Amino acid sequence: MSRFDTLTPVLTDNWDADRSWTLASYEDRGGYAAVRTALGMAPADVVEAVKASNLRGRGGAGFPTGMKWGFIPQDNPKPKYLVVNADESEPGTCKDVPLMMASPHTLVEGVIIASYAIRASHAFIYVRGEVLHVVRRLQRAVQEAYLAGHLGTDIHGSGYSLELTVHAGAGAYICGEETALLDSLEGRRGQPRLRPPFPAVAGLYASPTVINNVESIASVPSIIARGAEWFASMGTEKSKGFGIFSLSGHVANPGQFEAPLGITLRELIDLAGGMREGHELKFWTPGGSSTPILTAEHLDVPLDFEGVAGAGSMLGTRALQLFDETTCVVRAVLRWTEFYKHESCGKCTPCREGTWWLVQTLANLEQGKGQESDLDLLDDVCDNILGRSFCALGDGATSPITSSIQYFREEYLAHLTHGGCPFDREASTVFARQEVPA
Amino acid sequence: MTASDGASRIPGIDDGTNAAAVSTTAETSEPLDAATYAELREIGARYPQARSGLLPMLHLVQSVEGRVTSRGIEACAEILGISAAEVSGVATFYTMYKRRPVGDYHVGVCTNTLCAVMGGDLIFERLKEHLDVGNDETTDDGAITLEHVECNAACDYAPVMTVNWEFMDNMTPDSACALVDRLRAGEPVSSTRGPRLVTWRQAERVLAGFPDDLADEGPSAGPSSLVGLQIAREREWTAEARPDGDDDSAAEATAEQVDPASSGAAEGSHEAEEIEDDAAVAASDADVKHEDNPDNPGGDDK
Ligand SMILES: Cc1cc2nc3c(=O)[nH]c(=O)nc-3n(C[C@H](O)[C@H](O)[C@H](O)COP(=O)(O)O)c2cc1C
Ligand code: SF4
Ligand code: FES
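So the protein sequences, as listed, match chains A and B.
When we follow the working numbering, the leftmost residue of the first sequence carries the number 19, and every step to the right adds one.
When we follow the working numbering, the leftmost residue of the second sequence carries the number 4, and every step to the right adds one.
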């Protein structure tokens, strides 16, 4: 057995290097050595290594990455594709964007290894369009990788060839859902597809396709370079390896913290210098707005897939949005719900109509115009969306509502007795006048 | 269909000689110029199937036209062999495509929950008043289009704004007003994590896959992105496995044990003292954060 430090910089390790985004800086630190190693292995052995590492998808659902690659039918004569999901739009999630900004080559190197493993000849990075400088850094990294012979025909004399295209999206949260992403990448409206067939069988252009999150793919070079065993010895029993934990909100020093899975929020808040001066944690999301909120009772929940599920939520994208006692939970939930309503692609009725009703009902409550029975109505509508909608966006829309009613029913009711929101919006801002604690 | 020669596929090989002429934003029945047609085709050729290029093609249309125009839609439809209605149906699905003319600077204010709570709502309200425009409207001088945007994957820099999709981190109502004033006055403004701002049309060209050579501008990462890494550096934490029984780290491990019974997140645990130094370092970072922003005059109430 071995143990690891509290923070374990791997993906973030070169973010403080001079011109870390350049090929020269990346290669100075041993970058692209893993590509050479992988190209010397049989593709199936690369898949086996990733299986052995127990890497689980970092895009939210936690599906085992190696297993996903193994589903690609190699007897299928069609071309195979790798698509990197760089749409990062789940509210609170802010790990892939700084990764691609600081070290795009980590992702490009991962793309080459993953594509080789599944024998893809063309890979795509689908990056959300609203992050211009990230798009620039990706474009440059891909260009540099071509010129260095890491991409293109007959990479390093291996006989393996790969094209990599950076593709900018155009603003639609639903395009992060993997099948909607494929439709969008085919030049269509981004609406989810019926499954089966799964993308592994019929994905992009109805060909076998692997879709992985940025952080999943970026973790691959380290697995090849340092060994599956090293990766698998980190983390907890069923949640192996490390991940980037993003702390935002009312914490003294918000930011990115790369740690083995299983670290607790208490540890992370301590590292971040505590909650902001004079305030305490009220509620938080463990993995973005689609994961049910938790409270200060849950500070010691191990942040791994099983631990957070055991607390009634989901690890999701490790997007830890922290709110202190100055924040109105009803206002927070209403805003998220407006987001889901706006982003609902409209394909299925429970989500399209349901999110509309949820916003109406919540807005009334927030303005103190509703009645207590509206809380049951909310639960009812959520019940009709959860599990009945076509994709997970609908399910996600219900998470903040049902969990906030569970933990903060009284606060909803206070809006009714108060005839509106009892909170001062100014007090929750970063530029609020500092009250001197007595 | 996949085959095409390597060199022309290398993104970034764009000498700009065939940069499209900038047309007026008024609807005209004239088709788009030949250079733009050529570039639209070039986008399609990057993909195994040209239709995959539609999103970047529409970005290019916006960079040439200042918005998605009818003739831009026609051009895409003609090149891809699909109907204009189909192209239109795609264009209306995505929020970055605009049917009304966009100003030189598209100013976004994140009002998703985290940013809204941290001040985004107040920033957006102040800007509407300051610019005398509503959401998704453009100032009379055509300089600024104001829009509230959804979470832009920068929550650790809340409240977050964007200008032409470049990050403006850690904003306040005052710094937001100062920012738009400078933009309207034509003064140079830089992104907090990127280059000097280009115009919205130039930005759209990059999104269409024609790089502008500004990739090397700006830092590797902003201060918040590095908070955890700096702590790891100070404490000499790495991702190396430590053999069990290593004295140093064993002591450290005990110190890391947090007393779950203690109340409050940072207070109360016996670890609090140990981290005080680092927290102070980091906290001083946080103090200067607003001043780090070149567009924040630092005059906000704090
Ligand atoms: C509405 C919605 C939005 C999503 N957005 C993203 C996203 O931005 N990035 C991402 O990697 N996965 C996102 N996902 C999850 C993807 O569908 C998919 O599970 C993931 O990309 C698989 O990669 P992984 O196995 O490496 O995690 C989203 C899912 C849904 C339902
Ligand atoms: S759940 Fe919502 S986003 Fe998903 S398919 Fe249905 S309408 Fe579209
Ligand atoms: S909520 Fe504003 S950037 Fe995430």
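Built from N, CA and C at the ideal position, the CB exists for glycine as well.
Only a predicted model underlies this, so the values are computations on that prediction, with no experimental measurement involved.
When the options are compared against residue i, the one with the closest alpha-carbon
| i | options | result |
| --- | --- | --- |
| B/Gly92 | B/Asp107, B/Asp177 and B/Ile76 | B/Ile76 |
| A/Asn231 | A/Asn32, A/Leu299, A/Leu395 and A/Val129 | A/Val129 |
| A/Arg336 | A/Phe263, A/Leu279 and A/Phe357 | A/Phe263 |
| A/Ser38 | A/Ser107, A/Pro215, A/Ala270 and A/Leu117 | A/Leu117 |
| A/Ser179 | A/Arg155, A/Ala188 and A/Ile131 | A/Ile131 |
| A/Gly325 | A/Glu390, A/Thr355 and A/Lys258 | A/Lys258 |
| B/Leu35 | B/Ala53, B/Leu217 and B/Ala80 | B/Ala80 |
| B/Ser178 | B/Phe127, B/Ala242, B/Asp216 and B/Thr142 | B/Phe127 |
| A/Gly147 | B/Glu239, B/Ala188, B/Asn155 and B/Arg196 | B/Asn155 |
| A/Glu285 | A/His316, A/Asp413 and A/Glu356 | A/His316 |
| A/Asp63 | A/Leu434, A/Glu428, A/Ile242 and A/Glu390 | A/Ile242 |
| A/Gly177 | A/Met59, A/Leu411 and A/Ser307 | A/Met59 |
| A/Gln92 | A/Pro304, A/Val219 and A/Val145 | A/Val219 |
| A/Ala104 | A/Pro122, A/Gly330 and A/Pro95 | A/Pro122 |
Residues near residue i in its chain [Cβ-Cβ closer than 6 Å; skip 5 each side]
| i | result |
| --- | --- |
| B/Val284 | Bear in mind that the predicted position of B/Val284 carries a pLDDT of just 40, short of 50, making it unreliable; the figure below should be weighed with that in mind. Nothing meets the Cβ criterion. |
| A/Ser202 | Cys193 and Gly208 |
| A/Gly414 | Ser308 |
| B/Pro191 | Arg199 |
Other residues of its chain near residue i: CB distance less than 7 Å, five sequence neighbours each side excluded
| i | result |
| --- | --- |
| B/Val152 | Gly111, Val112, Cys113 and Thr165 |
| B/Ile46 | Gly56, Pro59, Met60, Leu63, Ala211 and Gly212 |
| A/Glu444 | Ala450 |
| A/Glu429 | Val347 and Val348 |
| B/Pro263 | Caution applies to B/Pro263, whose pLDDT of 41 falls short of 50 and renders its modelled position unreliable; the model cannot decide the point. |
| B/Gly15 | Any answer about B/Gly15 is weak, because its pLDDT of 39 lies below 50 and its placement is not dependable; what the coordinates show is given next. Only Pro214 meet the Cβ criterion. |
Opposing strand residues paired with residue i [DSSP bridges]
| i | result |
| --- | --- |
| A/Phe301 | A/Thr313 and A/Phe341 |
| A/Thr40 | In DSSP, A/Thr40 forms no bridge with anything. |
| A/His140 | A/Tyr99 and A/Glu181 |
| B/Cys113 | B/Val152 |
| A/Lys258 | A/Gly253 |
| B/Met164 | B/Val112 and B/Met171 |
| A/Met293 | A/Val269 |
| A/Ser20 | B/Pro246 |
Span separating the alpha-carbon of residue i from that of residue j
| i | j | result |
| --- | --- | --- |
| A/Gly267 | B/Gly122 | 11 Å |
| A/Phe301 | A/Leu393 | 19 Å |
| A/Ala35 | B/Asp172 | 21 Å |
| B/Gln233 | A/Leu340 | 21 Å |
| A/Ala224 | B/Tyr50 | 15 Å |
| A/Gly208 | B/Gly84 | 20 Å |
| A/Gly280 | B/Ala53 | 45 Å |
| A/Gly194 | A/Leu404 | 19 Å |
| A/Val238 | A/Thr355 | 35 Å |
| A/Pro109 | A/Arg353 | 11 Å |
| A/Ala236 | A/Tyr99 | 17 Å |
| A/Thr367 | A/Glu361 | 14 Å |
| A/Ser133 | A/Ile419 | 40 Å |
| A/Val269 | A/Glu298 | 9 Å |
| A/Gly17 | A/Glu343 | The first residue shown for chain A is 19 and the last is 456, placing residue 17 of chain A beyond what the model contains. |
| A/His168 | A/Ala56 | 12 Å |
| B/Val291 | B/Ser227 | Any reading at B/Val291 needs caution, since the residue's pLDDT is 39, under 50, leaving its predicted position unreliable; the model's value is listed next. Each residue's Cα considered, the two are about 12 Å apart. |
| B/Met174 | B/Cys180 | 10 Å |
| A/Leu165 | B/Pro214 | 16 Å |
| A/Thr197 | A/Glu247 | 32 Å |
| A/Gly80 | A/Ser234 | 10 Å |
| A/His140 | B/Glu243 | 34 Å |
Ligand 4 heavy atom lying under 7 Å from the CB of residue i
| i | result |
| --- | --- |
| A/Leu411 | Ligand 4 is not part of the structure shown, which contains ligand 1, ligand 2 and ligand 3 as its ligands. |
Distance between beta carbons of residue j and residue i, contact taken as under 8 Å
| i | j | result |
| --- | --- | --- |
| B/Ser66 | B/Arg204 | 5 Å |
| A/Thr345 | B/Leu125 | That pair is no contact at about 14 Å. |
| B/Ala146 | B/Tyr108 | 6 Å |
| A/Gly78 | A/Val68 | The pair is not a contact, with the Cβ atoms about 19 Å apart (cut-off 8 Å). |
| A/Val153 | B/Val209 | 6 Å |
| A/Ile143 | A/Val228 | The Cβ separation is near 13 Å, so there is no contact. |
| A/Val184 | A/Val149 | The pair is not a contact, with the Cβ atoms about 12 Å apart (cut-off 8 Å). |
| A/Ser71 | A/Phe249 | 4 Å |
Same chain, Cβ closer than 8 Å to residue i, neighbours up to 5 away in sequence not counted
| i | result |
| --- | --- |
| A/Phe216 | Phe89 |
| A/Asp322 | Gly253, Thr254, Lys256, Ser257, Leu279, Gly280 and Leu333 |
| A/Ser20 | Ser251 |
| B/Trp240 | Ile234 |
| A/Gly291 | Val269, Ala270 and Asn271 |
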